[in-house]
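Residue numbers (our numbering): 235 to 747.
Following this line, the structure appears as structure tokens:
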């Protein structure tokens, strides 16, 4: 079987077949998980890989997870997995994003010892230990303060669970029963992916599947390079800041020079800040994920989403850079907040190169974590998307590198000692323009018992920018009992205390008519 044997129809059928395996994995995970963060908010991602560790298809999940996941699978392959082995990892130096994102990878065989593919699921767990409930600490200055650090460990060998290893993991978290349930859901999701991949290989044959994987990746790469050639040779640059690193409120500068030439997409982040003390350092895999997301946004909807998108991308980061975290850098906010700023930076550089892009969206995930005696709760909040030439930006949505849902008020209040007093669209927070930016949201929590709250956010000082004469979106606001809080903070709460988050609006597009 050769690659040329796949006509467009056959290739489309194969592309959808593998994509549906990943979607089924996501469905199994969401239905089986215990925590509202995974079950309701769907802070998880699934993908399927071939025997070489190349991502062949992903579910329509979270860009910051999926763009980095191939490196995690390759780190597992380096451990020489056997048939039926399942690995668990979260190391940011092995393709992980930050420590709460636990990645499970199953080596798939067709019944013998030969590996025919890998099923992988990444899910954000509401606690993995560390200095702060929820493992999203403000003020961490080294990775070990953020939680349990796992290089690829063999949790299941030849289908048999290593109970002692699982006990070790659960002994280092604040909510072991919930973690056990979510890990079991991840294992079931990987199993569903393994079953789907085996069934497809059995039906199509191993040789045809290998050829199909090659053809799908090559086809996606051709579409990406064709789109870049359509844009033409172009160069652009941009700079921006992060509003402190969680230890200091001093701005953290980021810069990029973007070049499109002969179908290649080159990014040079020289001029960005060196590594910082706080936890906005980002692993290079997260920067790569942002680049994949931005490049994907330039493509038509019918382009298959697989590792072929990343082939034209070349990334340069300076040594000891905030965008190439090395041991022992803390990274919890790098995954959620720095990734958003990198995406904003790349869109700004594209605009500078003359490529039409939307105005800036909210540019933050608005991370909020509560933790008390025997419980932890984490969520991110939506905001305004930037408007574009096509129309207004949507309101109250997750933007950029996040693609989760909200936590339903009923599910939150049933599971935790928290009341949601207000949850509403923040009217008028989107930027003005011929097309208005989307509005943010207002979410007000009242706690019923002593606990802590940690907030990691951005765009509280520097507004999302409008485009082509459009107005800026409103900055976000954090408050405790009516008093303003900084972008990144942690506080002890007493019963009756009220935390209010107002998320940013998106920028407007075009001068108002």
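Each residue gets a CB set at the ideal place from its N, CA and C atoms; glycine is no exception.
Since the structure is predicted, the reported quantities are computational estimates derived from the model, not experimental observations.
Quick one: residues in its chain with C-beta nearer than 6 Å to the C-beta of residue i, no 5 flanking neighbours on either side, listed in chain order?
| i | result |
| --- | --- |
| residue 269 | 360, 412, 416 |
| residue 526 | 301, 543, 544 |
| residue 240 | 449 |
| residue 507 | 486, 487, 556 |
| residue 315 | 341 |
| residue 676 | 656, 658, 660, 736 |
| residue 554 | 508, 509 |
| residue 457 | 537 |
| residue 504 | 552 |
| residue 455 | 542, 545 |
| residue 632 | 616, 638 |
Residue i and residue j: beta carbons closer than 8 Å?
| i | j | result |
| --- | --- | --- |
| residue 354 | residue 307 | yes |
| residue 356 | residue 639 | no |
| residue 654 | residue 630 | no |
| residue 627 | residue 671 | yes |
| residue 494 | residue 523 | no |
| residue 402 | residue 410 | no |
| residue 393 | residue 282 | no |
| residue 303 | residue 540 | no |
| residue 280 | residue 267 | no |
| residue 310 | residue 389 | no |
| residue 368 | residue 641 | no |
| residue 363 | residue 721 | no |
| residue 423 | residue 252 | no |
| residue 338 | residue 265 | no |
| residue 712 | residue 691 | yes |
Between the Cα of residue i and the Cα atoms of the options, which residue gives the shortest distance?
| i | options | result |
| --- | --- | --- |
| residue 666 | 702, 637, 659 | 702 |
| residue 735 | 616, 430, 428 | 616 |
| residue 330 | 372, 663, 565 | 565 |
| residue 669 | 746, 724, 608 | 746 |
| residue 567 | 504, 707, 614 | 614 |
| residue 284 | 428, 266, 322 | 428 |
| residue 502 | 358, 551, 496 | 551 |
| residue 452 | 698, 546, 520 | 546 |
| residue 492 | 513, 435, 484, 585 | 585 |
| residue 528 | 647, 481, 582 | 582 |
| residue 693 | 618, 681, 646 | 618 |
| residue 463 | 535, 648, 497 | 497 |
| residue 513 | 548, 476, 499 | 476 |
| residue 698 | 650, 679, 634 | 634 |
Cutting at 7 Å between CB atoms, please list the residues of its own chain near residue i, excluding the five before and the five after it.
| i | result |
| --- | --- |
| residue 563 | 377, 509, 515 |
| residue 326 | 332, 517, 559, 565 |
| residue 235 | Here residue 235 scores only 38 on pLDDT, less than 50, and its place in the model is too uncertain to base an answer on. |
| residue 461 | 532, 533 |
| residue 579 | 472, 474, 488, 490 |
| residue 742 | 593, 621, 664, 665, 666, 667, 669, 670, 671, 700, 704, 705 |
| residue 726 | 686 |
| residue 599 | 570, 571, 574, 614, 636 |
| residue 623 | 590, 743 |
| residue 386 | 309, 310, 313, 321, 323, 328 |
| residue 414 | 404 |
Excluding the 5 residues preceding and the 5 following residue i in the sequence, name in chain order all residues of the same chain whose CB lies nearer than 8 Å to its CB.
| i | result |
| --- | --- |
| residue 238 | Confidence at residue 238 is low in this model, with a pLDDT of 47, below 50, so its placement is unreliable and the value that follows should be read with caution. Around residue 238: no qualifying Cβ. |
| residue 643 | 654, 657 |
| residue 724 | 366, 371, 372, 373, 686, 687, 688, 689 |
| residue 466 | 494 |
| residue 433 | none |
| residue 346 | 317 |
| residue 436 | 344 |
Within 7 Å: the Cβ of residue i and any heavy atom of the ligand ADP?
| i | result |
| --- | --- |
| residue 540 | The model depicted lacks the ligand ADP and carries no ligand whatsoever. |
According to DSSP, which residues form a beta bridge with residue i?
| i | result |
| --- | --- |
| residue 722 | 690 |
| residue 671 | Its beta-bridge partners do not exist; DSSP assigns none. |
| residue 736 | 676, 711 |
| residue 508 | 555 |
| residue 265 | Note: residue 265 sits in no beta bridge, so no partner. |
| residue 338 | 322, 355 |
| residue 685 | 727 |
| residue 561 | Answer is none; residue 561 lacks a bridge partner. |
| residue 658 | 676 |
| residue 547 | 499 |
| residue 349 | 343 |
| residue 743 | 669, 701 |
| residue 176 | In the structure as shown, the chain begins at 235 and stops at 747. Residue 176 is therefore absent and cannot be evaluated. |
| residue 387 | 322 |
Which runs of the alpha helix (DSSP H) spanning at least 4 residues fall entirely within the region 279 to 310, listed in chain order? Correct list: 297 to 300.
What are the complete beta strand (DSSP E) segments, minimum 3 residues, inside the region 465 to 502? 468 to 476, 486 to 495, 498 to 502
Entirely enclosed alpha helix (DSSP H) segments - the region 580 to 656, minimum 4 residues: 643 to 649
Give, in chain order, every unbroken run of the alpha helix (DSSP H) that is at least 4 residues long and sits entirely within the region 389 to 449. 397 to 404, 410 to 438
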